[in-house]
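Counting the sequence shown from 1 gives a position; this note's numbering is that position plus 4.
Every residue, glycine too, gets a C-beta built ideally from N, C-alpha and C.
Since this is a predicted model, take the numbers as computed values, not measurements.
To start, the structure under review is shown below, and the notes come after it.
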Amino acid sequence: QNQKEPNPQIVVVTGGQRYVIEAGTVSPIEDEDLPAANSVCFLNQRILFLSNKGRLTYSAVSEATDISALAFVEAEGSPDGGVRVIEHLQEAIVFGTETTQVFRDTGAGTNPIRPNAGVVIPKGCIGTHAVAKLDTDLFFIGHDLQVYRLVGASFEPVGHYGVHRSLRGTTNLTQVECDAHYEHGMGILTVTGPDWTWQYNRNLKKWYERRSYGLTRWRVRGAVQFGTRTLLGDYENGKLYLLSEDAYDENGAALVWTVRSPILHAYPNMVSCDRLHLDFEVGVGLNSTDAYKATPQVMLRWSDDCGKSWSNELRRSLGTINQPRFRVTFDGLGTTSEMGRIWEVSVSSPVIRTLLQARLEGDVALA
Numbered sequence: 005q006n007q008k009e010p011n012p013q014i015v016v017v018t019g020g021q022r023y024v025i026e027a028g029t030v031s032p033i034e035d036e037d038l039p040a041a042n043s044v045c046f047l048n049q050r051i052l053f054l055s056n057k058g059r060l061t062y063s064a065v066s067e068a069t070d071i072s073a074l075a076f077v078e079a080e081g082s083p084d085g086g087v088r089v090i091e092h093l094q095e096a097i098v099f100g101t102e103t104t105q106v107f108r109d110t111g112a113g114t115n116p117i118r119p120n121a122g123v124v125i126p127k128g129c130i131g132t133h134a135v136a137k138l139d140t141d142l143f144f145i146g147h148d149l150q151v152y153r154l155v156g157a158s159f160e161p162v163g164h165y166g167v168h169r170s171l172r173g174t175t176n177l178t179q180v181e182c183d184a185h186y187e188h189g190m191g192i193l194t195v196t197g198p199d200w201t202w203q204y205n206r207n208l209k210k211w212y213e214r215r216s217y218g219l220t221r222w223r224v225r226g227a228v229q230f231g232t233r234t235l236l237g238d239y240e241n242g243k244l245y246l247l248s249e250d251a252y253d254e255n256g257a258a259l260v261w262t263v264r265s266p267i268l269h270a271y272p273n274m275v276s277c278d279r280l281h282l283d284f285e286v287g288v289g290l291n292s293t294d295a296y297k298a299t300p301q302v303m304l305r306w307s308d309d310c311g312k313s314w315s316n317e318l319r320r321s322l323g324t325i326n327q328p329r330f331r332v333t334f335d336g337l338g339t340t341s342e343m344g345r346i347w348e349v350s351v352s353s354p355v356i357r358t359l360l361q362a363r364l365e366g367d368v369a370l371a
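And the structure:
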């Protein structure tokens, strides 16, 4: 979006076509000097368009549809074409399939958009939508299937083996998308494939999986900061949602919170498990006639074969409203295998879920 008077212009590209929205009217940009574009960005009152061949075309100042035949520059640091252009810290970052170049507005009367001399980053991007900004941070998925944060003219890996494995198992990498938003005051990067979603908490520097109920991925597609609020799109039905930090469901559907432990073992011996104490915040039931909300439960199951199969589910109460002195304990949990045991606890009720610590009482059973 530029600042044209009296009506700012918003430019959209989709399927190679370019459109301008002005005064509530959507019109195609029909200019033979402008090739088909895969992405667009705004830099110093100019609109920049990137083609698949790596041509970066720019508009006149504050006029998205005024494009000169000579108003372009080539991202030719490497002959790898163009994947995505995005503005970052007053520069235009042009991702190719194998390299990345940085362009700036010099303010010159002719050829104002020029590459930063000698700056060719040896890392490309897997797709147009595999890039996301979070204020001063720019994240992207490199052509080596690692997640990176751009730092000046270099890049810093922030990935995780699980994310790399999900990317490696994705047939069409152009379907992978990145988004970023704030949640509970934390910066969140979301990486989503056709049937999986990973999120990165920038503040905690931790990765975790996210799924919507009945799906293997998060149903959100696209996150936009709108003032102090965050709008989320639904990949399945096109609905828009308002992110609420006080909600523990997804538009009425269950939001299942799950924690899995690493393998607990005493190899080559087994472990007899007498009691498992879970230090939850309790008394979190809601003032409701719905037992699911009024008397929430925590669910426990385990695997003695490294996650290949799971036990039946056990349940314990998290306490009704104003019942703060309440202990969550499971007992009679049998004996692990020599391979050890993975513990999994879940909560699906729309209430506060806070697990502070856990303690297992038991003994090593000699093999």
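Enumerate in chain order the residues of its own chain whose CB-to-CB distance from residue i is below 8 Å, with the five nearest sequence positions on each side excluded.
| i | result |
| --- | --- |
| Gly218 | Ala257 |
| His355 | Residue 355 is actually Val in this sequence, not His. Within the same chain, Val355 has close Cβ partners Tyr252, Val288, Gly289, Leu290, Lys297, Pro300, Leu322. |
| Thr3 | Past the boundaries of the shown model lies residue 3; the chain is included only from 5 to 371, so the question cannot be answered. |
| Arg172 | Leu149 |
| Lys209 | Val162 |
Is DSSP giving residue i helix, strand or coil here?
| i | result |
| --- | --- |
| Lys297 | helix |
| Gly237 | strand |
| Leu322 | coil |
| Thr178 | helix |
| Leu259 | coil |
| His188 | coil |
| Lys8 | coil |
| Leu219 | coil |
| Ile14 | strand |
| Arg357 | coil |
| Gly242 | coil |
| Val368 | strand |
| Ser341 | strand |
| Leu154 | strand |
| Asp37 | coil |
For residue i, collect the residues of the same chain with a Cβ closer than 7 Å to its Cβ; drop the 5 residues on either side in sequence, then sort them by chain order.
| i | result |
| --- | --- |
| Asn6 | Pro12, Gln13, Phe46, Gln49, Ile51, Ser66, Ala68 |
| Gly366 | Val275, Ser276, Cys277, Asp278 |
| Asn255 | Tyr245 |
| Asn205 | Met190, Ile192 |
For residue i, report the span of its beta strand (DSSP E) as first-last.
| i | result |
| --- | --- |
| His147 | From DSSP, His147 is part of no beta strand (DSSP E); its letter is neither H nor E. |
| Tyr23 | 21–26 |
| Ile346 | 346–351 |
| Tyr271 | Tyr271 -> no beta strand (DSSP E), and no H or E assigned at all. |
| Ser43 | 43–47 |
| Pro32 | 29–32 |
| Gln229 | 224–230 |
| Glu160 | 158–161 |
Please work out which residues of its chain come closer than 6 Å, Cβ to Cβ, to residue i, disregarding the five sequence neighbours upstream and downstream, and give them in chain order.
| i | result |
| --- | --- |
| Ser307 | Trp314, Ile346 |
| Gln150 | Pro161, Gly163 |
| Arg22 | Ile33, Ala41 |
| Asp141 | Arg153 |
| Ile325 | Gly289, Asn291 |
| Leu304 | Leu318, Phe334, Val349 |
| Val77 | Leu60, Ile117 |
| Val15 | Val24, Val44, Ile51, Ala68 |
| Asp139 | none |
| Val453 | There is no way to answer for residue 453, as the model of the chain reaches only from 5 to 371. |
| Trp261 | Val351, Arg357 |
In the DSSP assignment, what residue or residues form a beta bridge with residue i?
| i | result |
| --- | --- |
| His281 | Thr333, Arg363 |
| Trp211 | Tyr204 |
| Trp306 | Trp347 |
| Thr60 | In the sequence as displayed, the identity of residue 60 is Leu instead of Thr. Leu60 pairs with Leu54, Val77. |
| Val195 | Cys182, Trp202 |
| Asp253 | Ala258 |
Grab the span of the alpha helix (DSSP H) containing residue i for me, first residue to last.
| i | result |
| --- | --- |
| Tyr165 | 165–172 |
Examine the ligand ATP and report whether any of its heavy atoms sits within less than 7 Å of the Cβ of residue i.
| i | result |
| --- | --- |
| Tyr252 | This structure lacks the ligand ATP, and indeed carries no ligand of any kind. |
From the beta carbon of residue i, is the nearest beta carbon of chain D less than 8 Å away?
| i | result |
| --- | --- |
| Thr333 | Among the protein chains of the structure shown there is no chain D, as only one such chain exists. |
Whole runs of the beta strand (DSSP E) within the stretch 65–146, excluding any shorter than 3 residues
76–78, 88–92, 95–99, 104–109, 117–125, 135–138, 141–145
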